[in-house]
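S.K.:
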Amino acid sequence: MKHTLFEKRTGDILQGLRDTGTLKQLRYLTGPMGPVVNLEDSGEVIVLCANNYLGLANHPEVVAASRNALDKYGAGTASVRFICGTFDAHRELEQKLARFSGTEAALSYVSCWNANEAAISTAVGPNDVLLSDELNHASIIDACRLARPLRRGVYKHRDLADLRAKLEAATDEAEITWVVTDGVFSMEGSVADLAATLKLCREFNAMLIVDDSHGVGALGATGKGTAEHCGVWGEIDVITGTLGKALGGAAGGYVAASQNFIDLLVQRSRTSLFSNALPVPVAAGAAAAIDLIERDTTLIDRLRANTRRIRSGLLELGFEVQDSPSAILPIMIGDEAEAIRKSERLLELGVWAVAFGFPVVPKGEARLRLQVSAALGDDHIERILAAFKQL
Ligand SMILES: Cc1ncc(COP(=O)(O)O)c(C=O)c1O
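Going by our numbering, the sequence shown runs without a break in its numbering and finishes at 391.
#1: Drop a sphere of 10 angstroms on the beta-carbon of residue 226, count the other beta-carbons inside from all chains shown, and report buried for 16 or more, exposed for fewer.
#2: As an exercise, report each continuous alpha helix (DSSP H) stretch of at least 4 residues that is fully enclosed by the region 75–140, in chain order.
#3: Apply the 10 Å Cβ neighbour rule to residue 345 and answer buried if 16 or more other Cβ atoms are within range, or exposed otherwise.
#4: Is the beta carbon of residue 292 less than 8 Å from the beta carbon of residue 56?
#5: Any heavy atom of ligand 1 closer than 7 Å to the beta-carbon of residue 137?
#6: Under 7 Å from any heavy atom of ligand 1, does the C-beta of residue 182 make it?
#7: Buried or exposed: which applies to residue 3, given that a residue is buried once 16 or more other Cβ atoms fall within 10 Å of its Cβ?
#8: Return the bridge partner residues of residue 356 from the DSSP annotation.
#9: Consult DSSP for residue 53 and reduce its assignment to one of helix, strand or coil.
#10: Quick check: what's the CA-CA separation for residue 113 versus residue 213?
#11: Determine the DSSP secondary structure at residue 211, reduced to helix, strand or coil.
#12: Would you call residue 24 buried or exposed, if buried means 16 or more other Cβ atoms sit within 10 Å of its Cβ?
#13: Would you kindly work out how many angstroms separate the C-alpha atoms of residue 382 and residue 32, rounded to a whole number?
#14: Answer yes or no: the CB of residue 59 versus the heavy atoms of ligand 2, is any distance below 7 Å?
#15: If you measure between the beta carbons of residue 99 and residue 272, is that distance less than 8 Å?
#16: If you reduce the DSSP assignment to three classes, tell me which class residue 256 lands in.
#17: I need the straight-line Cα distance from residue 310 to residue 150, nearest angstrom please.
#18: Mark residue 14 as exposed unless 16 or more other C-beta atoms lie within 10 angstroms of its C-beta, in which case mark it buried.
#19: Let's test the definition: count the other Cβ atoms within 10 Å of the Cβ of residue 96 and tell me whether it reaches 16, buried, or not, exposed.
#20: Could you check where the alpha helix (DSSP H) with residue 321 kicks off and where it finishes?
#21: If contact is defined by three or more beta carbon pairs under 8 Å, each pair taking one atom from either stretch, is the region 129–142 in contact with the region 180–189?
#22: Could you have a look at residue 68 and say whether DSSP puts it in helix, strand or coil?
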């Protein structure tokens with residue numbers, strides 16, 4: 001029997017979203033993710049909102065690696081890692097992730113959300129202070145809530161003077177001070193100055209955790225992420241990342257850090273102790289994606305060229321696009337309903353770019369967020385710019 005009050009409360013919230021034109025609609029794809037997808041309700045559209053930065057989500061080598069793993073290992077792990085869910089394919093992926101991240105070791109999770117919860121709540125002790133950038137991803141915010149430090153603090157977005165002041169204040173108080181930041185901020189496309197942040201951390205003997213979900217595979221001369229972009233590859237204390245974006249785009253996440261810390265995660269992190277292992281076909285697909293990125297810089301070069309072309313084309317058309325080396329291009333609109341209307345109009349024009357409003361971004365800062373892919377060809381880019389011209 002339905003609970004009347006609960007049904008009414010839920011219905012009222014949904015009606016409120018409908019009334020303000022801010023109800024999110026799920027759109028169904030009827031084929032693979034690529035530069036162009038087929039949408040059940042809108043037909044063929046060019047994708048400008050996927051995390052498919054390098055176009056590997058349907059790359060033949062990634063698909064073949066996943067398919068071979070499916071044949072060899074079957075569909076499911078049917079266990080958490082420490083019981084009977086650890087396969088040799090996990091070790092292979094984790095060795096590659098560690099090498100790619102410039103760390104001693106790595107551990108995979110079923111998502112970066114889980115990896116952040118694992119890393120932050122396991123690392124931070126009860127006498128520590130935990131400082132977090134105000135625009136950090138929701139998974140970092142929730143992970144910080146799960147941790148139980150002496151004190152949590154939030155510093156202004158990429159504001160090193162504010163971070164310095166907060167580190168100074170924490171010095172006498174904390175056993176260890178932790179700083180946690182995104183490498184690339186998902187809603188802004190802004191990039192953390194990891195060289196300066198790391199220098200500050202070293203000055204105050206603080207530890208640095210970087211979630212590089214949007215940087216790995218998409219930034220740096222060879223795609224090794226924000227640390228490489230900032231000239232500090234191999235120096236970050238703890239890196240977390242997703243396999244669901246540039247590294248194949250399926251799902252999964254990881255923590256890359258010292259062998260000691262990874263060993264501790266195996267013992268203590270609740271999201272690996274009490275949750276099934278990453279499916280092996282997914283692990284194998286991600287390993288193949290890393291191989292592709294390490295082979296040469298064709299994909300990352302293409303991503304950079306595409307991003308430059310789209311950004312400069314949009315600027316020429318008069319759109320305000322933030323200057324950033326990342327492949328995320330936010331176009332600020334302000335009003336959420338207006339942002340949704342614009343994204344719907346773009347869809348009619350054959351371009352899929354999603355509008356983001358509260359609670360994903362602060363109220364009054366709704367935006368269209370474009371994500372460029374190496375899979376886009378010149379013709380796609382021309383069609384994208386033509387659609388924005390009409391918009
Ligand atoms: C910065 C950041 N961290 C973590 C995540 C979560 O990644 P996953 O999808 O692997 O849980 C995302 C996904 O949007 C992200 O942007």
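Glycine residues also receive a C-beta, built at the ideal position from the N, C-alpha and C atoms.
If you're wondering where the values come from, they're calculated on a predicted model, not measured in any experiment.
M.R.: The short version:
#1: buried
#2: 88–101 and 112–123
#3: So residue 345 counts as exposed.
#4: yes
#5: Flag set: Cβ of residue 137 near ligand 1.
#6: Yes, since a heavy atom of ligand 1 falls inside the 7 Å radius drawn around the Cβ of residue 182.
#7: exposed
#8: Beta-bridge pairing links residue 356 to 367.
#9: DSSP places residue 53 in coil when its eight states are reduced to three.
#10: As the crow flies, the alpha-carbon of residue 113 is around 10 Å from that of residue 213.
#11: strand
#12: exposed
#13: 22 Å
#14: No copy of ligand 2 appears in this structure; the ligands present are ligand 1.
#15: no
#16: strand
#17: 46 Å
#18: exposed
#19: By the neighbour-count rule (16 or more Cβ atoms within 10 Å), residue 96 is buried.
#20: It is not in any alpha helix (DSSP H) - residue 321 carries neither H nor E in the DSSP assignment.
#21: Contact annotation: the region 180–189 touches the region 129–142, with at least three C-beta pairs closer than 8 Å.
#22: helix
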